[in-house]
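Written below as structure tokens is the structure these notes are about.
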Amino acid sequence: MLPRILIIEDSHAYQRIFAKHLDGMGTFAMANSCKEALALVAREKFDLVISDFLLPDGDAKEVIIELRKTYKPDQVPVIVVTSLYDKYLARELYTIGVNFSMPKVLGHEFRAAIQDILTTRKVVMPTSSVQAITVFSWHTRDRHYCYSPQARHLSEGESEEAALNHMKEWIRVHLRSGFEATSGVKENILYL
């Protein structure tokens, strides 16, 4: 049986291009928006989801986060293809459970990536990984806070150490396996 593939793309031209590149690799469902994609993933389990990043009613993160509440990356792989591709977006997508992301230049690499993900269901970590995360800390009379612009996360605690420990734990959970806050805190930078 051919894999069932959901393509989330608002451009009809790109929908046709995706379908052409994926000819013979599976059967397709098309969604033009986050809302349509969420409705489809609520009704049906797909073998692969391929999504543009920017959509008329939001971005692919909304769909991916909802999908990951039910399916792990090895159960329903997600590939994001976007003209906005850069290493920062690739890292962010990796942290929310995207198996692979790439620029929206569709060629032999695209088809090869699809075949590889369908076969192995692996997660491909972005090539330039996060080495350090800047953390700003401040306190009020009874609470301490830490904020990381790279992680886009705010943590708090009864002491600075507690707030930093909450931040480290959040980073461990959300940056997934392979990342550890190993050398502690030095000048409000968490070294991973």
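Each residue of the sequence shown is one higher than the one before, counting from 1 in full-length UniProt numbering.
Where is the CB? At the ideal position from N, CA and C, for every residue including glycine.
Range of the contiguous alpha helix (DSSP H) that encloses residue i
i	result
R111	108–120
T82	Element bounds for T82: not the alpha helix (DSSP H) but the beta strand (DSSP E), 78–82.
L93	87–95
L38	34–43
Identified DSSP bridge partners for residue i
i	result
T27	R4
S137	C146
P103	T82
H153	S148
Cβ shell of residue i (< 6 angstroms), same chain only, five flanking positions each side left out
i	result
R121	D74, P77
H21	L106, F110, R111
Exposure label - residue i; buried when at least 16 CB within 10 Å
i	result
S177	A caution first: S177 carries a pLDDT of 39, below 50, which makes its placement in the model unreliable, though a value can still be read off. The residue in question, S177, is exposed, as its Cβ has fewer than 16 Cβ neighbours within 10 Å.
E44	exposed
A60	buried
Same chain, Cβ closer than 7 angstroms to residue i, neighbours up to 5 away in sequence not counted
i	result
I64	V78, I96, G97, V98
Contact set for residue i: own chain, Cβ-Cβ below 8 angstroms, skip 5 residues either direction
i	result
G26	L2, P3, R4, I5, D47, L48, L118
C-alpha gap between residue i and residue j, whole angstroms
i	j	result
G107	E92	24 angstroms
H12	R172	39 angstroms
A181	L40	Caution is warranted here: a pLDDT of 42 is assigned to A181, below 50, making its placement in the model unreliable, and no coordinate value can be reported.
L192	C34	Any reading at L192 is ruled out, since the residue's pLDDT is 44, under 50, leaving its predicted position unreliable.
R143	H153	16 angstroms
Any chain C beta carbon closer than 8 angstroms to residue i
i	result
Y147	No chain C is present in this structure, which holds just one protein chain.
Range of the contiguous beta strand (DSSP E) that encloses residue i
i	result
V49	48–51
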